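Student: If you scroll down you'll find the structure; I have some questions about it.
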Amino acid sequence: MSIFLKNLSILVLSLFILTGCNENSKEMVDLIIQNGNIINLESGKIEQKDIYISNGRIKELGNSDEIPLYKGNKLINAKGKYILPGFWDNHVHFRGGKDLISNNKNFLKVFLANGITTVRDAGGDLTPNVMQWRKSISEGTLTGPDIYTSGPKIDGSGATWAGSLEVENELDIEKALDSLTNLKTDFVKLYDSKISGELYLKTIKEAENRGLITSGHMPFTVNLNETVEAGIDAIEHLYYVMKGCSYLENTLTKQLQDKTIGFWEAMPLLQESYEEGTAEKTFASLKTNNIFVVPTLHIGEVLSYLDEVNHSEDSYLKYLEDLFIKTYEGRINGALKASAERRRDRKELNAFFGKLTHDLNKAGVGLLAGSDCGAYNS
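The opening residue of the sequence shown carries number 1 in the working numbering; numbering runs sequentially from there.
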């Protein structure tokens with residue numbers, strides 16, 4: 001054998017031994033998803049990568065055209081497919097009483113089937129069940145998204161939604177917050193149907209004193225600035241932000257306090273009095289105070305066009321029991337019975353909220369996407 005061939009044989013053998021040793025010494029991971037097109041949601045860039053997963057968490061990303069970084073117990077070839085982080089639905093409701101427990105539980109799989117891996121339950125009357133589902137999901141005995149929940153809402157006496165914690169005085173505030181703390185909820189959700197403006201602001205302040213996260217609606221009898229100053233962390237829906245963008249906010253607030261106009265009567269007045277300069281100050285205040293806004297554009301679109309769109313053949317109805325479907329009757333009948341003026345106003349408001357969401361985003365205000373899906377809603 002020539003010296004050249006001998007040296008070549010030694011080199012090949014050395015490379016074989018080295019490669020084999022390196023392969024055997026590689027750390028084992030539970031799963032490798034190979035050749036997937038990874039979508040970077042911040043830059044929009046798409047790159048072909050391998051994803052290494054252990055204990056349910058991404059350990060590392062590697063280039064698909066390079067030597068694998070780890071060995072895997074299971075391999076999935078994702079060539080030609082696209083991969084992005086799981087979606088969050090930041091405003092859902094698990095509710096409807098004991099008769100709807102099983103149907104609410106069925107929702108969990110539907111969320112996952114649509115790529116929603118985390119939900120934020122913004123108040124309901126099934127808290128013990130929700131807490132059990134969350135525990136079972138974390139233990140791997142139930143299939144569903146991660147759940148963050150407010151538990152029952154805080155409202156005033158005679159609250160609109162079943163299961164709400166009713167606040168009529170300052171002692172009730174303490175009891176309500178104690179109850180939510182004992183339940184180990186993730187945040188405090190305030191509702192505006194019955195609670196007074198004074199107790200609403202005091203509830204936020206006390207919750208903030210306890211280090212609790214607060215979010216919710218806002219009574220139209222208080223100004224947006226008062227809510228911001230009290231320490232609210234997130235605002236659900238856009239009605240309240242719009243109110244803070246009106247140059248007539250103080251005037252209309254007084255009329256609402258005097259009950260010379262109502263919530264829906266105020267909508268077109270607030271829309272007409274929207275002022276760019278006032279809006280810019282409001283956006284800056286929300287951003288400076290790190291207050292998030294949950295626009296819930298999905299339900300706004302659905303409810304605005306119930307008079308035109310027939311949902312009787314919607315594909316999702318097959319996942320719902322008759323009792324659950326029945327909870328939507330009030331919404332549908334209300335839309336069909338509304339006056340032509342009310343229907344027009346609702347559609348115009350829906351379009352306006354789309355622009356307002358765009359402007360909030362442009363101003364750098366934190367936004368959370370939420371559908372407001374659930375019994376009685378959409």
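Cβ coordinates follow ideal geometry from the N, Cα and C atoms, glycine included. Just so we're clear, the structure is a prediction, and the values are computed from it rather than from any experiment.
Determine which residues share a DSSP beta bridge with Tyr52 and list them.
Tutor: Bridge partners of Tyr52: Ile32 and Glu60.
Student: Whose C-beta lies closer than 7 angstroms to the C-beta of Leu270 among residues of the same chain, with five residues either side of it excluded?
Tutor: Counting only Cβ-Cβ distances below 7 angstroms, and skipping sequence neighbours, we find Met242, Lys243, Ser246 and Leu252.
Student: Could you name the residues that DSSP lists as bridge partners for Ser246?
Tutor: Partner(s): Tyr274.
Student: So, for Glu168: in the same chain, excluding its five sequence neighbours on each side, which residues have a beta-carbon less than 6 angstroms away from its beta-carbon?
Tutor: Result list for Glu168: Ser157, in chain order.
Student: Given a cut-off of 8 angstroms, decide if His93 and Val294 are closer than it, judged by their beta-carbon atoms.
Tutor: Their beta carbons are not under 8 angstroms apart, which means Val294 does not touch His93 by this criterion.
Student: Count the other CB atoms within 10 Å of the CB of Ser378; is the residue buried (16 or more) or exposed (fewer)?
Tutor: Ser378 comes out buried.
Student: Taking just the CA atoms, how far does Asn310 sit from His217?
Tutor: His217 and Asn310: Cα-Cα distance of roughly 29 angstroms.
Student: Does DSSP put Ala234 in a helix, a strand or coil?
Tutor: DSSP places Ala234 in strand when its eight states are reduced to three.
Student: Pairs of beta-carbons, one from the stretch 139–148 and one from the stretch 196–204, closer than 8 angstroms: are there three or more?
Tutor: No, the stretch 139–148 does not touch the stretch 196–204.
Student: Report, in whole angstroms, the separation of the C-beta atoms of Ile291 and Val188, which I expect to be a contact under 8 angstroms.
Tutor: Incorrect: roughly 14 angstroms between the Cβ atoms, too far for contact.
Student: Please name the residue in Ile261, Ala279, Ile204 and Leu238 whose C-alpha comes closest to that of Thr221.
Tutor: Selected option, being the one with the closest Cα: Ile261.
Student: Taking all protein chains shown into account, decide if Lys49 is buried (16 or more other Cβ within 10 angstroms of its Cβ) or exposed.
Tutor: Flag for Lys49 reads buried.
Student: Could you check which residue in Gly97, Phe111 and Leu31 has the C-alpha nearest to that of Pro68?
Tutor: Closest option to Pro68, Cα to Cα, is Leu31.
Student: Taking only the alpha-carbon atoms, compute the straight-line gap between Ser339 and Asp307 and give it to the nearest angstrom.
Tutor: Whole-angstrom Cα-Cα distance: 11 angstroms.
Student: Considering only the beta carbon of each residue, do Ile137 and Ile147 sit closer than 8 angstroms?
Tutor: The answer is yes: Cβ separation under 8 angstroms.
Student: Could you tell me if Ala78 is buried or exposed, where buried requires 16 or more neighbouring beta carbons within 10 angstroms of its beta carbon?
Tutor: Its Cβ being crowded by 16 or more others within 10 Å, Ala78 is buried.
Student: Classify Thr296 as helix, strand or coil using the three-state DSSP reduction.
Tutor: Three-state result, Thr296: coil.
Student: Specify, as a first and last residue, the run of the beta strand (DSSP E) that Tyr148 falls within.
Tutor: Asp146 to Thr149 is the span of the beta strand (DSSP E), which, as asked, contains Tyr148.
Student: Please determine, among Gly277, Lys135, Lys281 and Lys337, the residue with the shortest C-alpha to C-alpha distance to Leu303.
Tutor: Checking every option, the nearest Cα to that of Leu303 belongs to Lys337.
Student: How long is the line joining the alpha carbons of Ser371 and Phe111, rounded to whole angstroms?
Tutor: Taking the straight line from one Cα to the other gives about 12 angstroms.
Student: Which same chain residues end up closer than 7 angstroms to Glu301 when comparing Cβ atoms and leaving out the 5 residues on each side of it in sequence?
Tutor: Closer than 7 angstroms at the Cβ level, and outside the excluded window around Glu301, lie Asn350.
Student: Give the secondary structure of Lys175 by DSSP, where H, G and I count as helix, E and B as strand, and everything else as coil.
Tutor: Of the three classes helix, strand and coil, the one that applies to Lys175 here is helix, per DSSP.
Student: When you compare each of Thr282, Ala369 and Cys373 to Trp88 by their alpha carbons, which one comes out closest?
Tutor: When each option's Cα is compared against that of Trp88, the closest is Ala369.
Student: In chain order, what residues of the same chain have a beta carbon less than 7 angstroms from the beta carbon of Ile299, not counting five sequence neighbours either side?
Tutor: Here the set comprises Ser371, Asp372, Asn377 and Ser378.
Student: Report, in whole angstroms, the separation of the C-beta atoms of Ser64 and Val29, which I expect to be a contact under 8 angstroms.
Tutor: Not really, about 16 angstroms apart at Cβ, beyond 8 angstroms.
Student: Which full runs of the alpha helix (DSSP H) of 4+ residues lie inside the stretch 192–242, going along the chain?
Tutor: Runs found: 197–209 and 224–230.
Student: Give me the Cα-Cα distance between Gly62 and Glu27, rounded to the nearest whole angstrom.
Tutor: The straight-line gap from Cα to Cα measures roughly 14 angstroms.
Student: Using a Cβ-Cβ cutoff of less than 8 angstroms, which residues in the same chain neighbour Lys81 once the five nearest sequence positions on both sides are dropped?
Tutor: Closer than 8 angstroms at the Cβ level, and outside the excluded window around Lys81, lie Gly36 and Asn37.
Student: Hey, could you find the ends of the beta strand (DSSP E) Ile116 is sitting in?
Tutor: Segment Ile116 to Asp121, the beta strand (DSSP E) holding Ile116.
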